[in-house]
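Take the position in the sequence shown, starting the count at 1, then add 51; the result is the number in the numbering used here. To keep things clear, I will list the structure first and then write my remarks on it.
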Amino acid sequence: PLVYLLGIWLALFAVDRAARRLGQDPELHYTVASVALLGGFIGARLVFVLLHWSSYDDNLLGIIWPLTSGYNAAGGVLIGVAAAFFYGRWRRLSFWPALDVLAPGIIVFLMAVSLADFLGGAGYGSLTAWPWGIAQFGVRRHAVQLYEVLAGVVALAAWWSATSPRFGGMAGRPFLMTIAVYAAGRLFVDAFKDTTPLTAGGYHVVQVAALVVVLLALMLLARLSWGREN
52 PLVYLLGIWL ALFAVDRAAR RLGQDPELHY TVASVALLGG FIGARLVFVL
102 LHWSSYDDNL LGIIWPLTSG YNAAGGVLIG VAAAFFYGRW RRLSFWPALD
152 VLAPGIIVFL MAVSLADFLG GAGYGSLTAW PWGIAQFGVR RHAVQLYEVL
202 AGVVALAAWW SATSPRFGGM AGRPFLMTIA VYAAGRLFVD AFKDTTPLTA
252 GGYHVVQVAA LVVVLLALML LARLSWGREN
């Protein structure tokens, strides 16, 4: 829990600094990020409770306590994104500039999740004889959680580069470049993961999703560049 709390604080700090770098309203975007995090937290808990209602129908207090476990990540992401989207619409935020500001916060929080998995022993990697493997459960495994953190660092570097003056301030480019780089990193890293869910055909679900994100981000980048030139 402490790593998650630190991740939330660092993510909000990253959003604040990103807004200042891009000349946007720091307080407004900080609030958007806070709404997304709060909505995601509540949504992840509620979706988990609904999916496991038989465990709560005779113990309603268990819905709100304890809160140390029992969350649905997919539900949290969907509700958090929806909360941020509708709040942003209400505050009349421009779509691409807002995403450009939020991108570093998203990556920083994902890095915190990976670090929490590493410290908690979750999401471990496949067996390896490589010297940088981590001893876990008596065997040496790929430190995939740390690989994910490294992918986040590279993605943040991509955001910093995309927000430099030489790109001319094209709205949307920093977000799309950041997401494309991070997704490409996860596409590579997930090959070394031993706990990832698989499709019926045996493909890694995370790799499939990451590939879709990379292709979509590249297509949108090309479209933005083409629209600017024409």
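Where is the CB? At the ideal position from N, CA and C, for every residue including glycine. Being a predicted model, the structure only gives us computed values, none of them experimental.
What does DSSP give as the partner residues of residue i in its beta bridges?
i, result
"R191", "A186"
"L61", "Partner(s): none; L61 has no beta bridge."
"L249", "H255"
Short check: CB of residue i to CB of residue j, under 9 Å?
i, j, result
"Y122", "F92", "yes"
"W147", "G236", "no"
"T214", "R72", "yes"
"G139", "A65", "no"
"E199", "M228", "no"
"L63", "Y81", "yes"
"T246", "G174", "yes"
"A231", "L272", "yes"
"W210", "F226", "yes"
Would you kindly report the start and end of the unbroken alpha helix (DSSP H) that includes residue i?
i, result
"S106", "First-last for S106: undefined, no H or E at that position."
"Y122", "No alpha helix (DSSP H) holds Y122; DSSP gives it neither H nor E."
"T229", "224-240"
Return the Cβ separation of residue i and residue j in integer angstroms, given the expectation that the two are a contact with Cβ distance under 8 Å.
i, j, result
"A202", "V240", "6 Å"
"V54", "L170", "6 Å"
"K244", "S177", "7 Å"
"V265", "A234", "5 Å"
**Request:** Write down every uninterrupted run of the beta strand (DSSP E) in the segment 132-187 whose length is 3 residues or greater and which is fully enclosed by it, in chain order.
**Result:** 185-187
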